[in-house]
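Down below is the structure, laid out as structure tokens.
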Amino acid sequence: MRLLLVEDSQRLRSTLERGLRKLGHAVDAAADGREGLWLATENTYDAIVLDLLLPEIDGYSVLKQLRERGKTTPVLILSAKDLVEDRVRGLDLGADDYLVKPFAFEELVARLQALGRRGHQVASPALVVGPLTVDLAARRVWCEGREVRLTAREFSVLELLALRRGEVVSRRDLWEHLYEFEEEAASNVVDVLVYSMRKKLESVDGGGAARLIQTRRGQGYLLDEAPAAPSGEAAAEGAP
Amino acid sequence: MRSLRSRLTLCLLVGSGALLALGGFFLYRVIDSRLESDFDQQLVAKARSLALLTEMADGVVWVELPEEGMPEFAAGGGAEFFQFWFADGRVLRRSNSLGSRDLPRISSKLSAPSDAAQMWDAPLPDGRPGRMIQVTVLPRIDDHPEGEGSEAGAEVRFDPAGPKATLVLARGRRDLDRFLAETKIWLGVSFFFLLAGLAGLVRLSLRLGLAPLSRLVDRIERLDAGSLGERIDPTDVPAEISVVVQRVNDLLARLETSFAREKAFSDHLAHELRTPLAELRAATEVGLRWPDDPVSVAASLEDARAIGLHMERIAENLLALARSESAQEAPVEEEVPLRTAIEEAWRPLARAAAERKIELRNEIPEGLSVPTDRAKLGLILANLFDNAVVHGTPGGWVACRALPSNNGSSAKAPLGLEVSNPTADLSSNDLPHLFDRFWQKDPSRSGPHAGLGLPLVASLGRALGLAVAAQLVAGDLRIRLTKVE
Numbered sequence: 000m001r002l003l004l005v006e007d008s009q010r011l012r013s014t015l016e017r018g019l020r021k022l023g024h025a026v027d028a029a030a031d032g033r034e035g036l037w038l039a040t041e042n043t044y045d046a047i048v049l050d051l052l053l054p055e056i057d058g059y060s061v062l063k064q065l066r067e068r069g070k071t072t073p074v075l076i077l078s079a080k081d082l083v084e085d086r087v088r089g090l091d092l093g094a095d096d097y098l099v100k101p102f103a104f105e106e107l108v109a110r111l112q113a114l115g116r117r118g119h120q121v122a123s124p125a126l127v128v129g130p131l132t133v134d135l136a137a138r139r140v141w142c143e144g145r146e147v148r149l150t151a152r153e154f155s156v157l158e159l160l161a162l163r164r165g166e167v168v169s170r171r172d173l174w175e176h177l178y179e180f181e182e183e184a185a186s187n188v189v190d191v192l193v194y195s196m197r198k199k200l201e202s203v204d205g206g207g208a209a210r211l212i213q214t215r216r217g218q219g220y221l222l223d224e225a226p227a228a229p230s231g232e233a234a235a236e237g238a239p
Numbered sequence: 308m309r310s311l312r313s314r315l316t317l318c319l320l321v322g323s324g325a326l327l328a329l330g331g332f333f334l335y336r337v338i339d340s341r342l343e344s345d346f347d348q349q350l351v352a353k354a355r356s357l358a359l360l361t362e363m364a365d366g367v368v369w370v371e372l373p374e375e376g377m378p379e380f381a382a383g384g385g386a387e388f389f390q391f392w393f394a395d396g397r398v399l400r401r402s403n404s405l406g407s408r409d410l411p412r413i414s415s416k417l418s419a420p421s422d423a424a425q426m427w428d429a430p431l432p433d434g435r436p437g438r439m440i441q442v443t444v445l446p447r448i449d450d451h452p453e454g455e456g457s458e459a460g461a462e463v464r465f466d467p468a469g470p471k472a473t474l475v476l477a478r479g480r481r482d483l484d485r486f487l488a489e490t491k492i493w494l495g496v497s498f499f500f501l502l503a504g505l506a507g508l509v510r511l512s513l514r515l516g517l518a519p520l521s522r523l524v525d526r527i528e529r530l531d532a533g534s535l536g537e538r539i540d541p542t543d544v545p546a547e548i549s550v551v552v553q554r555v556n557d558l559l560a561r562l563e564t565s566f567a568r569e570k571a572f573s574d575h576l577a578h579e580l581r582t583p584l585a586e587l588r589a590a591t592e593v594g595l596r597w598p599d600d601p602v603s604v605a606a607s608l609e610d611a612r613a614i615g616l617h618m619e620r621i622a623e624n625l626l627a628l629a630r631s632e633s634a635q636e637a638p639v640e641e642e643v644p645l646r647t648a649i650e651e652a653w654r655p656l657a658r659a660a661a662e663r664k665i666e667l668r669n670e671i672p673e674g675l676s677v678p679t680d681r682a683k684l685g686l687i688l689a690n691l692f693d694n695a696v697v698h699g700t701p702g703g704w705v706a707c708r709a710l711p712s713n714n715g716s717s718a719k720a721p722l723g724l725e726v727s728n729p730t731a732d733l734s735s736n737d738l739p740h741l742f743d744r745f746w747q748k749d750p751s752r753s754g755p756h757a758g759l760g761l762p763l764v765a766s767l768g769r770a771l772g773l774a775v776a777a778q779l780v781a782g783d784l785r786i787r788l789t790k791v792e
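Protein chains in written order, with my numbering: chain R, 0 to 239; chain C, 308 to 792.
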């Protein structure tokens, strides 16, 4: 997932950035409300983690302005304010979840994943596409009952394809799902990751699952239960 | 506890009832007296009329009374009675209603003048209650015994030396007694009806009169922690309780301020404790999640250490504040060289001050010392300097100078100490909050301080007998510590 973290505590911000990145998420971070609002407005995120007591613009105002600008990105408020009226106010202003500090890192991750799934109208954390089972909560993949070892970024590509299965996902969308605002990556990094993922899937079942990931020329990639023909586009563009 | 309404109702009813009873009693006495008097006057007039009918001629006395013209003396129910006696006790005449019976008389009074009537109550011969009058009768001298009749205007004559008679006239007083009894009953009934009406009137009056008070009570009863911002309209209450309303409003204002301060304190405390706890928990959980990543583990440990130090500072300041406010540690007074104390307190901050290009201007004269607690003074100075270094304008200064005593004498016995520094962040609206616990100018509380330094300065100042005040003069924050006179 691509996440935005708006938190003024430098230590908490850096810790969460580190942890979420290690889980394969792309994380943009802002130290104050003004920067957070700008990033949230300019980019597309799967979820936003928003503190309430922020310099420049407080979290309530950030949330209010986001919703007024038509941004529907799921927002999780992460705050030390634990009163019922604070939570109600945050949720009334359009927040999707509220977590009180201190919190368990695992709980934050689980809630963010739930928000990400909700954004794609997916209820179950385990997505099954043909022989593939993608566990979004555990961030693990099985192919015909055997686990496929993917890197965090490979998993992120598969995660987005699975969440939007049956739908062509553009390389740009995949790239934005993988990388942060200021991160620069090679232009063919998405194709390289897809190639690597296909190889790993082929090593498990001989190529059946790999053919579920179809390449659409000039458009992007598609994950569908109906596999592409071995001699089709996928084979033709099997290599980046 | 008896209510004001029931107390007033009782007092008004008892008072009104007593006045009504007294009024009824006097009214009855007046009626009784007047009727008795009228009854007696009529009895006297009739007795005198009968007395004038007693005549004497040639030594013979008789009563010239045609009873057929006076039916009240005829025998029968409701009759009146009379009886004449000669002085020797012989009966001169009886009324027909008396028959052969005798009326009682007072024999010893026969020599009294005829107008000296005596009256008394006694049962009539027929058993009815009655009233009797006894008069002495001097027979009228009849100058025309042959029945020629007296000439008109002829003088009525009496012979004082002649024989005298006694007349007793008796009349029933049942009607009078009955009327008086009925009057008494009506007065009693009226008393109770008036009292009942009065009770209703009192209740109604009290309800109307005390309605503003009841509304005020209802209004006050509805007040709770969530409605402390409301005020009672003093123009809507009677003048007698407007002072109470004003006081209640003042109290509400003070409570609202206290609640707001308490809530702010709780919020700030929660933030100051929850944020580092959240940092610590996240750092340790992320570190433990990837124990094989030395970079991540090292970063987590470094964060945990920094958070620990930060929380240690908060705990130390809170403990120092608590100790100071509970006066657990009495000040140990000694002569403290002020200039040296300032230099010692500045030393640990010199590096941080240099980074922000802030210099110390120690304007305390050499040799000036003050009798005070060295450790507490050091803590005060350290907190003031720390505050100035962190929040003061970069490139500025921190100036310390002694405040001269009131008599303008030398600084050997200064009135106090002033620590000042330029600041760009504060406004005069912030000054009342400077010494509040956990107060920070930045509502996001992103600064490195928890907001306990200046409250600790104020508390330690009080322990040392110093008044601590803040002023903002031309962009300079001046904290003054002066002796409490």
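Every residue gets a Cβ at the ideal spot worked out from N, C-alpha and C, and that includes glycine.
Computed from a prediction, not measured in an experiment: that's the story for all the values here.
Asked: Near-chain C residues of the region 11-28 of chain R (beta-carbon distance less than 8 Å), N- to C-terminal order; Found: L11, S13, T14, L15, R17, G18 and K21
Asked: P316/C: first and last residue of the uninterrupted alpha helix (DSSP H) it sits in; Found: Looking at the sequence shown, residue 316/C is not Pro but Thr. L311 to L359 is the extent of the alpha helix (DSSP H) around T316/C.
Asked: Own chain, CB closer than 7 Å to E636/C, minus 5 neighbours either side, in chain order; Found: R630
Asked: Beta-carbon proximity check, L360/C vs E371/C, cutoff 8 Å; Found: yes
Asked: Pair within 8 Å by beta-carbon distance, T490/C and V444/C; Found: no
Asked: L90/R to L65/R span [Cα, whole Å]; Found: 14 Å
Asked: Residues in the region 741-766 of chain C having any Cβ partner in chain R nearer than 9 Å; Found: D749, P750, S751, R752 and S753
Asked: DSSP three-state assignment for P583/C, whether helix, strand or coil; Found: helix
Asked: Contact with chain C by P130/R, beta-carbon distance below 8 Å; Found: no
Asked: Neighbour flag for R581/C against chain R, beta carbons, 8 Å; Found: yes
Asked: Residue-chain proximity (A506/C, chain R), Cβ-Cβ < 8 Å; Found: no
Asked: 8 Å Cβ cutoff met for L38/R and L75/R; Found: no
Asked: Close Cβ partners of A777/C (< 6 Å) along its chain, the five nearest in sequence each way excluded; Found: L738, L741 and I786
Asked: Contacting positions in the region 565-578 of chain C - beta carbon closer than 8 Å to chain R; Found: D574, A577 and H578
Asked: Near the ligand MN: D204/R beta-carbon under 7 Å from a heavy atom; Found: No copy of the ligand MN appears in this structure; indeed no ligand is present at all.
Asked: Residue burial classification, E16/R (beta-carbon count within 10 angstroms, cutoff 16); Found: buried
Asked: is_contact[E563/C, chain R] using C-beta, thresh 8 Å; Found: no
Asked: Cβ pair A477/C, F388/C closer than 8 Å; Found: yes
Asked: C-beta contact flag for V552/C and F104/R at 8 Å; Found: no
Asked: Three-state secondary structure (DSSP) of F388/C; Found: strand
Asked: S717/C at chain R interface by Cβ criterion, 8 Å; Found: Legend: pLDDT at S717/C = 47, less than 50; position of this residue unreliable, no value from coordinates given.
Asked: Identity of the residue in A560/C, F498/C and P701/C nearest L291/C by Cα; Found: Nothing can be reported for residue 291/C, as the shown portion of chain C is limited to 308 through 792.
Asked: Other residues of its chain near R164/R: CB distance less than 6 Å, five sequence neighbours each side excluded; Found: V128 and L222
Asked: Contacts around G32/R, its chain only, beta-carbon distance under 8 Å, and the 5 residues preceding and following it disregarded; Found: V5, L53, P54, E55, I56, D57, G58, S60 and V61
Asked: For A103/R, three-class secondary structure by DSSP; Found: coil
Asked: Extent of the continuous beta strand (DSSP E) run through R787/C; Found: D783 to K790
Asked: Three-state class that DSSP yields for I665/C in the structure shown; Found: coil
Asked: Three-state secondary structure (DSSP) of V121/R; Found: coil
Asked: Own chain, CB closer than 8 Å to R148/R, minus 5 neighbours either side, in chain order; Found: K199
Asked: Coil, strand or helix - L813/C by DSSP; Found: As shown, chain C starts at 308 and ends at 792. That puts residue 813/C outside it, with no answer to give.
Asked: Residue-level contact to chain C via CB, L60/R, 8 Å cutoff; Found: The amino acid at residue 60/R is misidentified as Leu; the sequence shows Ser. No, S60/R lies away from the interface with chain C (no Cβ there is under 8 Å from its Cβ).
Asked: Cβ contact (3+ pairs, closer than 8 Å) linking the region 682-699 of chain C and the region 744-763 of chain C; Found: yes
Asked: Residue environment, T564/C, which counts as buried when at least 16 other CB atoms sit within 10 Å; Found: exposed
Asked: Chain-ordered neighbours of L584/C on chain R, where CB pairs are closer than 8 Å; Found: K100 and P101
Asked: Neighbourhood of S421/C by C-beta distance below 7 Å, restricted to the same chain and skipping five residues each side; Found: Low confidence applies here, because S421/C scores a pLDDT of 48, under 50, leaving its location unreliable and the question unanswered by this model.
Asked: Residues from the region 587-617 of chain C in contact with chain R, defined by Cβ distance under 8 Å; Found: L587, R588, A589, A590, E592, V593, R596, W597, D600, S603, A606, S607, D610, A613 and I614
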